[in-house]
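The sequence shown begins at 347 in the numbering used here and counts up one residue at a time.
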Amino acid sequence: MFYIFAIISGLIIGALDAFVIRNKKTLSAIGTVITDLIISNFFSLIATELICKLANVGTIYPLSGHSLRFYFIYSIITLICGFIFVFFAAVFGGYITFIQNKSQTKIPTVVKFSTVLVALGAAAFTGTIWGKETFGNLAADQLIINLITPKEGTSSDIMSTLFSGPVIQTLVITLLFVIFAISASEVFVKLRDKNVKVLSILTKKIICFILALTIFFGGCAFGIIKFDLVNVIKIYFFESPFIENNYVDPREVKLEFPETKRNLIHIYLESMENSFTSTDMGGYMDENLIEPLTDLAKEGYSFSHLESGFGGPIATTGCVWSVASMVNMNAGIPMKVPTSGNAYGAVDNFMPGAITLGDILESQGYEQTLMFGATAKFGGLNYFYESHGNFNILDYDGVKEQDMLPDNYHVWWGYEDDKLYEFAKEELTRLYETGKPFNFVMETADTHAPDGYLSPKAPTPRASQYANIVAYSASETEKFVRWIQQQPFYENTTIVIIGDHLSMDSKFFENFDPNYLRTTYNLILNPAPTVTDIPKERMQNRWWYNADMFPTILASIGVKIEGDRLALGTNLFSDTPTLFEENGGQAGWKKINEEYNFGSKFYAKNILTGNNEPFDTKNVTEYKN
């Protein structure tokens, strides 16, 4: 099959060269056709192999056994290589000549306009490819929110790939177009000993404009399809009453705290998902990459969507990236695109109408700290945690202010997880010594896409760097938990460990079965005695998402919640079904996920606007424990 496509493509090139351009007689043309056939396929093999390597799809060898689609693509590449070769051969052979048209002295307006279209289209095309390779299945809402929130603290590795990728590629494409478009030369082809004009200035203007329109609309369409930007139309032009009909205002719910407040340690593990476990445990790996975490889970409570094995929360619109995940678990609501103004990128303007876990715990005298290795300015997290709980923020900037790092120190997103765990131990000790109940929140970063950050201390027994990083992260997390369990405050402390969202490392997951449902790791260790007697079945076959962690975390530190619902979340320790389960389990997830794609006037009015008023404790009481 390969040779049929290769020969046909080569013959087309050879015939064009011999009979149209060179105008040779039949016998003398045979040598030209054979030469073109061989050269076209030679360069095509090199180009196709290079493309396969860059796309991480293996090699083209052996040449047999490929799909029909592959052979069609190979034929197209052969034709392109052949046309390029024939063109340059004709130029050097004098069959194609360029003659300056001296009447054109200025760059035509249509060429300037076409150049702008090409630049925009190329940026859309190359930016989309970069975005998919860097962040995986980037959702439409995530894309828009990331564009309108602060970018400070983005990994230097990501920024370097942005410059070396779409920025440079867009400049090169635009430059090549400009060189062609502004040239005042007209093209002549020698046919039967006569120079025939085949490309006049007017024709070139028309070609440039058509090409520019094609690149612009093609690039935009490519981005719209790949990022599913059709959902943006739903956000801005269609409404859903679902949030309004199901939202339970935490201000109106009776909460009973234990008289002796319980400490909380909430560990967000970057991109930590259950697919990293082995297939016999519900994962997708031949080996269990996160064995320390799965062993740790035997000591606590983990909620799974599976009947047996490791499962967890289902990825839903508005919770599939770090900032949104934190919003979901703290406020019990998805992070939605603001339909008027920037509702996330300013002081006191990050969901000022929401009541969060931090707000509630602040009202009960908790000392609260947020710690992670990037800057909290990224995505506006500093605004969220400062305005909802008055957190002490020990991010990359915070630890430098306290002289815990040299001024010029910068690794990965700021400082690596090895240092994060050591700093966390110091901060937990300080929090305990205050004598107040505390809420300590931290997030790792080494497992962030693309490719992660490999600690010099990490073992590397596997070929995949990302797999080694995941395994090391699991091991270091378990060591950190063991340290906590040895501290005097542990007896009265609950630990919540959860993957913030699904990994975006597209290369690592490119061969996954699309029907495999990926979920994040979750575990609650040492919860309050009020929830420890739940039946085992309540932790299996559960359809839930990150927003359910809001009331679940409160319950895990001994808070009794009237109705077991807060915001759009459900206490998983209770026998109250989640919103997904009320609506049919898996079918409910799909239904609600679609509802979250639409706009919500209630959300815009009651969550995205407000005065950041302190949580009113009118409905809060205490019980003896």
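Ideal Cβ placement from N, Cα and C applies to all residues, glycine included.
- Just the C-alpha distance for F649 and A677, rounded to the nearest angstrom, thanks. Whole-angstrom Cα-Cα distance: 20 Å.
- Are there three or more Cβ pairs, one per stretch, closer than 8 Å when the stretch 418-427 is compared with the stretch 458-473? Contact between the stretch 418-427 and the stretch 458-473 is absent, because fewer than three Cβ pairs lie under 8 Å.
- Compute the beta-carbon to beta-carbon distance between M750 and A795, rounded to the nearest angstrom, for a pair I have assumed lies under 8 Å. Actually they are not in contact, since the Cβ atoms of M750 and A795 sit about 27 Å apart, beyond 8 Å.
- Query: Between which two residues does the beta strand (DSSP E) harbouring N868 extend?
  - Reply: Start and end: 868-871.
- Task: Give the DSSP bridge partners of I442, in chain order.
- Result: V535, per the DSSP bridge assignment.
- Task: Put F416 into one of helix, strand or coil per three-state DSSP.
- Result: Residue state, collapsed to three classes: helix.
- Item | Limits of the unbroken beta strand (DSSP E) element including V787 | Counted as a single uninterrupted DSSP element, the beta strand (DSSP E) harbouring V787 occupies residues 784-789.
- Message: Could you check whether T474 and F563 sit closer than 8 Å to each other, using their CB atoms as the reference points?
- Response: In this structure, F563 lies away from T474, with their beta-carbon atoms at least 8 Å apart.
- Task: Following the continuous alpha helix (DSSP H) through E637, name the residue where it begins and the one where it ends.
- Result: Segment 637-642, the alpha helix (DSSP H) holding E637.
- So what does DSSP say about V905, is it helix, strand or coil? In the structure shown, V905 sits in coil (DSSP, three-state: anything other than H, G, I, E or B).
- Residues near F471 in its chain [Cβ-Cβ closer than 8 Å; skip 5 each side]: By the criterion of a C-beta distance shorter than 8 Å, F471 is surrounded in its chain by I561, G564, G565, F568, G569, once the five residues flanking it on both sides are discounted.
- Message: Relative to the C-alpha of I701, which candidate in G781, N952, F509 has its C-alpha closest?
- Response: Closest option to I701, Cα to Cα, is N952.
- Task: Please name the residue or residues paired with P308 in a DSSP beta bridge.
- Result: As shown, the chain starts at 347 and ends at 971. That puts residue 308 outside it, with no answer to give.
- Message: Please identify the residue among I514, I938, M631 whose C-alpha is closest to the C-alpha of A469.
- Response: If we check each option's Cα against that of A469, I514 comes out closest.
- Query: Ordered along the chain, which non-local residues of its own chain (more than five positions away) have a Cβ less than 6 Å from that of K550?
  - Reply: The answer is none, since no qualifying residue turns up.
- CA-CA distance, I972 and T955? Outside the modelled stretch of the chain, which goes from 347 to 971, sits residue 972, for which no answer is possible.
- Item | Rounded straight-line distance, which links the Cα of I397 to that of G957 | In the sequence on display, residue 957 carries Asn and not Gly. The alpha-carbon atoms of N957 and I397 are separated by roughly 54 Å.
- When you compare only the Cα positions, how much space is there between C427 and S390? Roughly 6 Å between the two C-alpha positions.
- Query: When the Cα atoms are used, what is the spatial distance from K771 to D763?
  - Reply: C-alpha separation (whole angstroms): 12 Å.
- Query: If we count the other Cβ atoms within 10 Å of its Cβ and call it buried at 16 or more, is N688 buried or exposed?
  - Reply: Below a pLDDT of 50, predicted positions are generally treated as unreliable, and N688, at 48, falls in that range; the measurement from the model is reported next regardless. Around the beta-carbon of N688, fewer than 16 other beta-carbon atoms lie within 10 Å, marking it exposed.
- Task: Identify whether K543 lies in helix, strand or coil by the three-state DSSP scheme.
- Result: Reduced to three states, the DSSP call for K543 is strand.
- Item | Counted within 10 angstroms of its Cβ, other Cβ atoms place P875 as buried (16 or more) or exposed | Classification of P875: exposed, given that the 10 Å Cβ count is below 16.
- Task: Count the other CB atoms, across all protein chains shown, that sit within 10 Å of the CB of D792; report buried if there are 16 or more and exposed otherwise.
- Result: With 16 or more other Cβ atoms within 10 Å, it is buried.
- Query: Can you tell which of L774, T775, E779, L740 has its C-alpha closest to the C-alpha of G760?
  - Reply: Taking only the C-alpha atoms, the option nearest G760 is L740.
- Span of the alpha helix (DSSP H) around Q1039: Here the chain has residues from 347 to 971 only, and residue 1039 is not among them.
- In angstroms with no decimal places, state the Cα-to-Cα distance between P802 and N814. P802 and N814 have their C-alpha atoms spaced approximately 11 Å apart.
- Reduced DSSP secondary structure (H/G/I, E/B, other) of T955: Coil at T955, not helix or strand.
- Task: State the beta-bridge partners of M717 as determined by DSSP.
- Result: According to DSSP, which records beta bridges pairwise, M717 is partnered with L740, M788.
- Could you check the C-alpha separation between N857 and Y799 for me, to the nearest Å? Taking the Cα positions, N857 is about 22 Å away from Y799.
- Message: Quick check on Y593: buried or exposed, where buried means 16 or more other Cβ atoms within 10 Å of its Cβ?
- Response: It is buried - the Cβ of Y593 has at least 16 other Cβ atoms within 10 Å.
- Query: Does the beta-carbon of L716 have 16 or more other beta-carbons within 10 angstroms, so that it is buried, or is it exposed?
  - Reply: Buried.
- CA-CA distance, S709 and F961? About 6 Å.
- Query: Near A436, which residues of its chain fall below 7 Å by C-beta distance, leaving aside the five closest residues on each side in sequence?
  - Reply: Sequence-distant Cβ neighbours of A436 in its own chain, meaning closer than 7 Å and more than five residues away, are I367, I442.
- Message: Quick check on the DSSP output: the alpha helix (DSSP H) that includes L925 runs from which residue to which?
- Response: Counting along the chain, the unbroken alpha helix (DSSP H) around L925 starts and ends at 925-928.
- Message: By the three-class DSSP mapping on this structure, what secondary structure does V757 have?
- Response: DSSP places V757 in strand when its eight states are reduced to three.
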